[in-house]
Amino acid sequence: MSFLLLLPVLALVLFACAHTQSMALKHPMEVSGMPICSDCHTDWRASLNHTSDFYTRHRFYAAQSNQACGICHKESFCSDCHAHKEELKPSDKYKDSPELALPHRGDYLNQHKIDGRINPASCFPCHGRQNNERCKTCHR
Amino acid sequence: MLLMLKCGRPVLQTACAVILLSLMLLCTPGVSQAVDLSGDSRTYLQSRETADSTKIIGGYEYLDLDVQNLGNETISFHTGGWLRYDFKGEEFNEKTNDDLQYAYLSFKSKTDNTMVNLGRVMVFEGVAHERVDGIYARTDLRYNFGISAFGGNPVELGNPLDTPAGSSGNNSIYGARLAHQVAGLYTIGASYLKEERNGADYRKEEGIDLWLHPVNKVDLSGRSNYNAITKEWMENTYNLVLGPFAGLRFTTEASWINYKDYFFGTTMSAFTFQPGVLDPNEKVRILGENVAYNFTDKVSITADYKTYAYSIAGDSKYYGANLKYSETSQGAGLSAHKMDGDTDRLKYWEYRAYGFKKIDKFDVSVDVLDVKYTVAINGVSNAYSASLGLGYDVLENLKIGADVEYAKNPDFDKDIRTFLKAIYRFDVGTGARKGV
């Protein structure tokens, strides 16, 4: 029954569609390293410059326009950190790229007690809010 | 094999149905001749010791697949996941583990940025950053509006640790986001999320997200999330970027987080409110400034300063500088930071030096971190780790690598870890047209 109620909403959405051109499915040229989008783009895409602080700001762009992220990045790029069950540290998987701003480098067993005290909210986006085997090993 | 392992769980029935549907599509005459199959296989072998000196050797296989042009270039299928098997010892008390991270059939329209994903989807929309077994859809509307919605079964509630005997297991999640933008000037969105656990309200969150570009070289982005159950703000986080002005760029960060409202409903034991760990009435205000200067397009220096002000625990300051040299085939970095807090644990210096270079088919990387605690932890006042990594491109699409890391820290007096990897990327276009 509730599904039938959705049909008029769907019809309204289709009627109100903008009929604009969709974004490209894939960036027309291969981009490597940390791209400075403003080298080519002068519109809103220039704000996606992957400068050294982009690591701390990427959440805002992903929450507003993750389709733009998908032009260059595959889904696995997100799930490597944000799938909530990850066991391997990103910095271990990509040790050949020490220039990347990846979390948990070096000894993190001790450091996580410090980071957890400083800003525990920063753990949620990758580790989720639910119990897991890893935390239960010590936090019973 | 990965899919067979996962399909035994009821929570993945939707994802499995999508995979089955995709395979049927692939077998359809006409479709199989046009599809592009790409992806990568990443195989890792990690050797390490736990704090109680148990040796663990674990093998991981990560597999990501993308199937494009399923009869129509706007229909595609994407899946990725991993599995682990421990050849020696047991990681986190389990010999094996696995995760189907995402698996969905996707339809993308050539107009309106319309997209419909069906299966196990990752949703990043306003207040929501979720994994859902269900549906996610979005489209542009007239007058520069855009709308997105999602619904289904929350993957995070499928953990048996959170499903005690007798619970109904009747879980659901849904949400939506409505946005308006003036291209190049602003994007503002309002979003809502509701999650039910065992048939009862578990999360009700509302959010505002903003990107504002009033003039050239000024970008303000951020979000405010509200907990509609506790009726308080969970967090307000905003970043202001100014520049570049002759190579100089300023980034200011301001955040306010209320623990009681942010961590509401969490079952992760590390985040449940416990004396001495997390106080439910704690509130933190974070203010930070990052100033970066590019000497050339390859050399830059960054100075950063951040303050953490707590309502209950003592305050902290974190500040320092980075010097960075970066090219595609080589790079290096040097950094020093100080954590200056009110408690003993929050008094330390942190140093890092790294470098990497690619020579023909070989690449080498080194990374050294050193932390000097003002007050020793477990009798250790100087913790460090050093790693050396080597890689070799066997083929254009096959890379092998190995690295070793040596560390001394408050938990390990001599910790040696090794990591082997093989990465294979494939891209099989069976049709005349590849890519977009």
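In order, the protein sequence lines correspond to chains C and H.
No gaps in the numbering here: position 35 of the first sequence is 35 in our numbering, and each next residue is one more.
So the number in our numbering is just where the residue sits in the second sequence, counting from 1, plus 1000.
The C-beta atom is built at its ideal place from N, Cα and C for all residues, glycine as well.
Using the beta-carbon count (16 or more within 10 Å), is valine 1182 of chain H buried or exposed? Counting Cβ neighbours within 10 Å, valine 1182 of chain H comes out exposed, since fewer than 16 surround it.
Is there a Cβ of chain H sitting closer than 9 Å to that of histidine 50 of chain C, yes or no? For histidine 50 of chain C, the answer is no, since every Cβ of chain H falls outside 9 Å of its Cβ.
Any Cβ of chain C within less than 9 Å of the Cβ of histidine 1078 of chain H? Contacts with chain C at 9 Å (Cβ-Cβ) include histidine 1078 of chain H.
Asparagine 1117 of chain H, enclosing beta strand (DSSP E) - first and last residue: 1115-1125 is the extent of the beta strand (DSSP E) around asparagine 1117 of chain H.
Report yes or no: do three or more beta-carbon pairs, one from the region 119-128 of chain C and one from the region 1264-1282 of chain H, lie closer than 8 Å? The region 119-128 of chain C, when compared against the region 1264-1282 of chain H, does touch it at the 8 Å Cβ threshold.
Cα-Cα separation between isoleucine 1423 of chain H and arginine 1345 of chain H, rounded to whole angstroms: Each residue's alpha carbon lies about 39 Å from the other.
Spatial distance of leucine 1003 of chain H from leucine 1100 of chain H (CA atoms): For leucine 1003 of chain H, the predicted structure reports a pLDDT of 40, less than 50, and the residue's modelled location is therefore unreliable. A value from the coordinates is still provided. For leucine 1003 of chain H and leucine 1100 of chain H, the gap between their C-alpha atoms comes out near 8 Å.
Taking the beta strand (DSSP E) that arginine 129 of chain C falls in, what are its first and last residues? Run containing arginine 129 of chain C: none; DSSP gives neither H nor E here.
C-alpha distance - aspartate 1415 of chain H paired with lysine 1421 of chain H, whole-angstrom precision: Straight-line measurement puts the Cα of lysine 1421 of chain H at about 20 Å from the Cα of aspartate 1415 of chain H.
Quick one: what does DSSP say glutamate 1156 of chain H is sitting in, helix, strand or coil? Looking at glutamate 1156 of chain H - three-state DSSP - the assignment turns out to be helix.
Looking only at its chain, what residues have a beta carbon closer than 7 Å to the beta carbon of aspartate 92 of chain C, apart from the 5 residues adjacent to it on each side? Same-chain partners within the cutoff: there are none.
How far does the beta strand (DSSP E) with glycine 116 of chain C in it extend, from its first residue to its last? For glycine 116 of chain C, no beta strand (DSSP E) segment is defined; the enclosing uninterrupted segment is the alpha helix (DSSP H) at 108-118.
In chain H, which residues lie less than 7 Å from cysteine 37 of chain C when you measure between Cβ atoms? Proximity of chain H to cysteine 37 of chain C at the Cβ level (cut-off 7 Å) is not reached, the minimal Cβ distance being about 12 Å.
Within chain H, the residues that proline 103 of chain C reaches when beta carbons sit closer than 7 Å: Per Cβ cutoff of 7 Å: no residues; proline 103 of chain C is ~13 Å from chain H at best.
Who pairs with phenylalanine 1245 of chain H in a beta bridge, going by DSSP? Note: phenylalanine 1245 of chain H sits in a beta bridge opposite H/Leu1248.
Could you tell me whether the region 1066-1076 of chain H touches the region 1036-1048 of chain H, using the rule of 3 or more Cβ pairs below 8 Å? Yes, since at least three Cβ pairs between the region 1066-1076 of chain H and the region 1036-1048 of chain H fall closer than 8 Å, the two stretches touch.
Going straight from the alpha carbon of histidine 104 of chain C to that of isoleucine 71 of chain C, what length do you get? So the alpha carbons of these two residues sit roughly 28 Å apart.
Okay, do the region 72-81 of chain C and the region 52-59 of chain C touch, 3+ Cβ pairs below 8 Å being the bar? Contact between the region 72-81 of chain C and the region 52-59 of chain C is absent, because fewer than three Cβ pairs lie under 8 Å.
Cβ closer than 7 Å: which chain C residues qualify as neighbours of valine 1375 of chain H? Residues of chain C passing the Cβ test: none, with the nearest at roughly 12 Å.
What does the alpha-carbon distance come out to for the pair valine 1218 of chain H and leucine 1212 of chain H? Distance between the alpha carbons of valine 1218 of chain H and leucine 1212 of chain H: 8 Å.
So, using beta-carbon positions, are alanine 83 of chain C and tyrosine 1102 of chain H closer together than 9 Å? Cβ atoms of alanine 83 of chain C and tyrosine 1102 of chain H: closer than 9 Å.
Proline 98 of chain C and tyrosine 1354 of chain H look like a contact to me (Cβ under 8 Å); what is the Cβ gap, rounded to whole Å? With 8 Å as the limit, proline 98 of chain C and tyrosine 1354 of chain H qualify as a contact, their Cβ atoms being about 4 Å apart.
Residue range of the alpha helix (DSSP H) that includes phenylalanine 60 of chain C: Boundaries of the alpha helix (DSSP H) harbouring phenylalanine 60 of chain C: 54-72, taken from the DSSP string.
Going along chain C, which residues have a C-beta under 8 Å from glycine 1222 of chain H? The answer, in chain order, is Phe60.
Would you grab the beta carbon distance between threonine 1328 of chain H and serine 52 of chain C for me? Rounded to a whole angstrom, and I think it's under 8 Å. Not really, about 16 Å apart at Cβ, beyond 8 Å.
Evaluate the contact criterion for the region 1329-1341 of chain H versus the region 1306-1321 of chain H: three or more CB pairs, one atom per stretch, below 8 Å. Under the 8 Å Cβ criterion, the region 1329-1341 of chain H counts as touching the region 1306-1321 of chain H, having at least three qualifying pairs.
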